[in-house]
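Residue numbers (the working numbering): 30 to 397.
Rendered as structure tokens:
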């Protein structure tokens with residue numbers, strides 16, 4: 030229902046699909062390419078009214094789709110929202126992003142300095158992107174169903190999924206893992222007590238063995254959006270996915286009133302922390318409008334509205350008091366400082382390491 034409401038609102042403010050344009054920088058147009066269900070429509074409407082700039086808004090559902098659009102060049106987009114690893118860092122290294130002119134972004138200083146330092150591993154000096162939203166990777170669970178099958182279930186740990194004896198007992202109520210080696214393998218390596226960035230053969234073998242041990246009990250390895258929908262309807266009782274997807278699924282399930290009760294588990298040993306970034310392609314046709322949009326979004330009131338709409342935390346501390354109490358007081362949306370201290374970020378991998386991980390992941394998906 031949340032997704033339907035957001036889509037309806039987007040239509041109401043007449044956000045037209047973006048098309049590659051070759052217009053002049055002075056043209057009052059902005060072409061945005063963002064994740065689906067990942068904006069407060071009221072923010073876009075307000076930006077249009079305040080600036081007179083018409084927003085043409087398009088969405089993607091995977092980083093592969095985003096990279097495909099950018100790799101061909103002349104995408105026509107002015108603002109994109111890549112995830113820090115691997116896409117954002119790859120685009121930075123490839124020279125595909127325009128360095129931000131901070132003089133045009135007076136609200137830059139509204140961002141949390143600690144979080145900016147963490148994302149600096151993907152963009153040294155924070156030259157190419159501002160933080161849009163962030164989150165963690167953990168488990169979405171139906172605790173009541175889990176306890177029926179596993180009364181002593183470790184509800185605060187990846188042990189719930191990654192210990193084969195637990196996965197076997199929970200298979201009947203549905204286990205899902207998001208189809209993303211980038212997001213799953215670092216968490217598995219961290220759970221094993223190994224370096225999340227490792228591409229060493231011994232470490233990858235250990236991660237592969239851990240995944241293969243639970244593979245017979247995993248019902249689905251699918252896109253996170255698919256997991257979100259299925260969690261909301263009660264199809265899975267355990268799913269490894271993004272924190273915000275679980276929070277959105279919980280909101281939908283509560284609204285539906287069919288008895289599906291969901292919760293999010295941020296692993297007690299630590300979780301991967303990721304960032305979605307606001308960036309400008311190097312060949313953006315309207316860079317001035319792009320800078321104005323990024324500066325607009327970094328206002329506390331605007332970011333609070335976005336967090337209220339999509340239930341992902343933002344990196345503007347002054348926005349927190351304006352976020353709905355139920356959202357800001359939920360540590361699974363806004364991790365406490367102690368929880369954040371246990372998180373980790375991942376670094377860019379070499380092409381060889383990415384190929385090795387891709388082979389491991391394909392074997393896991395194939396169950397061999």
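Built from N, CA and C at the ideal position, the CB exists for glycine as well.
Using a threshold of 7 Å, state whether the C-beta atoms of residue i and residue j are closer than that.
i	j	result
residue 368	residue 270	no
residue 212	residue 166	yes
residue 365	residue 302	no
residue 246	residue 204	yes
residue 103	residue 312	yes
residue 359	residue 162	no
residue 223	residue 232	yes
residue 178	residue 198	yes
residue 333	residue 352	yes
Roughly how many angstroms separate the alpha carbons of residue i and residue j, rounded to a whole number?
i	j	result
residue 68	residue 339	7 Å
residue 149	residue 115	13 Å
residue 84	residue 63	12 Å
residue 286	residue 292	15 Å
residue 56	residue 255	38 Å
residue 257	residue 383	26 Å
residue 328	residue 89	25 Å
residue 229	residue 394	21 Å
residue 190	residue 274	18 Å
residue 72	residue 345	16 Å
residue 123	residue 218	28 Å
residue 376	residue 238	23 Å
residue 379	residue 386	11 Å
residue 86	residue 61	5 Å
residue 117	residue 109	10 Å
residue 193	residue 58	53 Å
Assign residue i to buried or exposed, taking buried as 16 or more other Cβ atoms, counted over all protein chains shown, within 10 Å of its Cβ.
i	result
residue 107	buried
residue 209	buried
residue 78	exposed
residue 173	exposed
residue 299	buried
residue 343	buried
residue 54	Only weak support is given to the placement of residue 54: the predicted model assigns it a pLDDT of 46, under 50, and the question is left unresolved by the model.
residue 51	Residue placement at residue 51 is poorly supported in this model, since its pLDDT is 45, which falls under 50; the coordinates still yield a value, given next. Residue 51 should be labelled exposed.
residue 130	exposed
In this structure, how does DSSP classify residue i when only helix, strand and coil are distinguished?
i	result
residue 155	helix
residue 218	helix
residue 87	strand
residue 268	strand
residue 310	strand
residue 241	helix
residue 249	strand
residue 52	Any reading at residue 52 must be qualified, since the residue scores a pLDDT of 42, below 50, and its modelled position is unreliable; no value is offered.
residue 59	strand
residue 369	helix
residue 68	coil
residue 301	strand
residue 361	coil
Determine whether the Cβ of residue i lies closer than 7 Å to any Cβ atom of chain B.
i	result
residue 155	Here there is only one protein chain, and chain B is not present.
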